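The sequence shown: position 184 = 184 (full-length UniProt numbering), numbered continuously.
All C-beta atoms, glycine included, are put in the ideal place defined by N, C-alpha and C.
In this text the structure is predicted, and so the values were computed from the model without any measurement.
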Amino acid sequence: MIQHVDMDAFYASVEMRDRPELRGKPVIVGGTAEGRGVVAAASYEARRFGVHSAMPAGRALKLCPQAIVIKPRMGRYAEVSDQIQNILHRYTPQIEPLSLDEAFLDVTGSISLFGPPEEIARRIKEDIRDELQLVASVGVAPNKFLAKLASDLEKPDALVVVDPVRIQEFLDPLPVSRLWGVGRVTQKEIARMGVETIGEFRRLSQREVEERFGKHGESLWLLAQGVDDRRVVPDREAKSISHETTFAVDLRSREILRGRLLELTDLVGQRLRRQQVVGRTVQLKLRYADFSTITRSTTLAAPTSVTNEIWLAAAELFENKLPARRLEVRLIGVGVQQLSAAGDHPRTLFEDPAHEKQSGADRVSDHIRAKFGKLALRRGATLGEE
C-alpha cells in the first residue's frame, strides 16, 4: 500500500503558524505588495477569491486586495520539511521525497507494526498536526497514481483511502482531466471523442486510444484502468537523485523558474551528500503547457555532490539548451545521474581550488543546518539567492 503525503498550502501555512496574527486572513507568499512577481503559495482564505500559485501577483491583488503579501523564506520551509521527513521515517524507511511538501511512502512492510494503512495515515496526520501545527492531506492506495490523486480530492485536511477492490468505482466518475498527462490540448481532443469521465475513457479500446494519441495514449489508457507499476524508490536505492515541482497553472516567468530550479538544486545537493554519493550527469526536466516533456543533460568533467557545480550545469541547460518556443511551464525538475560512492573517487594530486572551496562550504553548511536548522544558514550570491 502506497501513501502520498501532501502538505496543505505549505508555504502559507508555515507563515501563518509562525505569525499567529495572520491566521484566518488571506495570505499570499511571493510577489510584492506593489503587484510585481508571481504568487508562490496562497492560503485557503486567499484561494476563496480565486488566487492560486503561479498567478501574477498583480492579478492576485485585484482579486483579493486585502491580501497580506509575504516574501518567501525558503530556508524556513526547508527546515520544516526536514521535520516532516523525520515524522514520516517513524513509520517506514521506504520514502521517496518529491519536493519540500510532498512524498510517497510504501507502508506495506509497516502494517504489522502500526496497523492498517488508514491507521498509519491517520497517525502521520496527527503527528504533523500535534508537533508542527500544520495540516497534511494523505491519499492511501495500491499505487502512486491513485495515492496522489486521492490526496488531492478532498483538500484541505484530507484522508482518502482507495479500496484495492473498488478502484474503478473510485476512478470512473472523475473527469478525464484527473489523469496524469491530460492537459488542455489533450482534454479538448478527448472531448471531441464525446468523452468526459475516466470511466468513459476506460471503456475505449486500447488500440483506439493509441491510434489517437500514440505512446502517450497507452500511458493514459493504463492509468484509466488504475494501473501504475512504478515503485517507491528511497534515496539509498536510487539510480539518480532528483527533485521536481508541478505548478497549479502554467508558469511563464523566467526569473521565478530559475528561483524554483535553484531551490530544487539545493535539495538535490543535500541529498547526494546525505547519501554519500556523487554523480556525473546533471539533467534538467521541463513539462510545457501542452504536457510535452523535454529533458536536457550534460556530463561533468568529474562526479560531484557540490551544490554550486550542479547549479551551474543546471542553469546553463536552462538558459541555453531549451527549444525555441514560448516559455509556458507546468513542471520543472533537476536531477543527478551516474551515481557512485563518494569514496570511490580519491583525491588527485592537483585538486581544483574552486571545487575544494565549494565542497568545504557545503560541508560546513550541512553541519550547521543539521545542528541548528535550515534557518541558521542560507546560500549567498554565488547561487543567485538574495
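Asked	Found
Could you compute how far the alpha carbon of Leu339 sits from the alpha carbon of Gly279?	4 Å
Between Ala9 and Gly30, which are expected to be in contact by the criterion C-beta below 8 Å, what is the C-beta distance as a whole number of angstroms?	Incorrect: roughly 13 Å between the Cβ atoms, too far for contact.
Looking only at its own chain, which residues have a Cβ that is under 7 Å from the Cβ of Leu375, when we skip the five neighbours before and after it?	Because the pLDDT at Leu375 is just 44, under 50, the model does not fix this residue reliably, and the point stays unresolved.
Looking at Leu264 and Val334, is the spacing between their C-beta atoms short of 9 Å?	yes
Indicate the three-state DSSP secondary structure (helix, strand or coil) for Leu349 in the structure shown.	Its pLDDT being 39, under 50, Leu349 is placed unreliably by the model, and the measurement read from it follows with that caveat. It is coil, neither helix nor strand.
Report all residues from its chain with a CB closer than 7 Å to the CB of Pro173; omit the five preceding and five following residues, and keep chain order.	Thr197, Gly199
Would you kindly check if the distance between the Cβ of Ala147 and the Cβ of His243 is under 9 Å?	no
Give the range of the alpha helix (DSSP H) segment to which Arg207 is assigned.	206-213
So for Ile2, helix, strand or coil by DSSP?	strand
Do you know how far the Cα of Ser112 is from the Cα of Glu328?	46 Å
Return the residue from the list Ala54, Tyr44, Leu88 that minimises the CA-CA distance to Ala67.	Tyr44
For the stretch 116-180, list the beta strand (DSSP E) runs that are entirely contained and at least 3 residues long, ordered along the chain.	136-141, 159-161
Here's a check: name, in chain order, each residue in its chain whose Cβ is nearer than 7 Å to the Cβ of Arg129, leaving out the five neighbours to either side.	Val135
Count the other C-beta atoms from every protein chain shown that fall within 10 angstroms of the C-beta of Asn86, then say buried if there are 16 or more, exposed otherwise.	exposed
Using a Cβ-Cβ cutoff of less than 7 Å, which residues in the same chain neighbour Ala121 once the five nearest sequence positions on both sides are dropped?	Gln3, Val138, Val140, Leu159
Do you know whose CA, among Gln206, Leu100, Leu105, Arg192, lies nearest Arg271's CA?	Leu100
Where does residue 418 land, buried or exposed, given buried means 16+ other C-beta within 10 angstroms?	As shown, the chain starts at 1 and ends at 386. That puts residue 418 outside it, with no answer to give.
Is Gln66 helix, strand or coil when you go by DSSP?	coil
Nearest-angstrom Cα distance between Arg192 and Leu300?	47 Å
Beta carbon of Val232, beta carbon of Lys125: below 9 Å?	no
Measuring alpha carbon to alpha carbon, tell me which residue in Gln133, Asp127, Phe104, Ala40 is nearest Asp18.	Gln133
Are there 16 or more other CB atoms within 10 angstroms of the CB of Thr348, so buried, or fewer, so exposed?	Reliability of the predicted coordinates at Thr348 is poor, the pLDDT of 46 falling under 50, and the value obtained from them is presented with this limitation in mind. Exposed.
Mind checking which residues open and close the alpha helix (DSSP H) that includes Gly226?	Premise fails: Gly226 is in no alpha helix (DSSP H) and is neither H nor E.
Once the 5 residues before and after Gln94 are set aside, which same chain residues still bring their CB inside 6 Å of it?	Asp106, Val232, Pro234
Considering Cα atoms alone, identify which of Ser13, Ser305, Trp311 is closest to Ala341.	Ser305
Just list the residues that DSSP pairs Ile294 with in beta bridges.	Leu286
Given a cut-off of 9 Å, decide if Ser219 and Trp180 are closer than it, judged by their beta-carbon atoms.	yes
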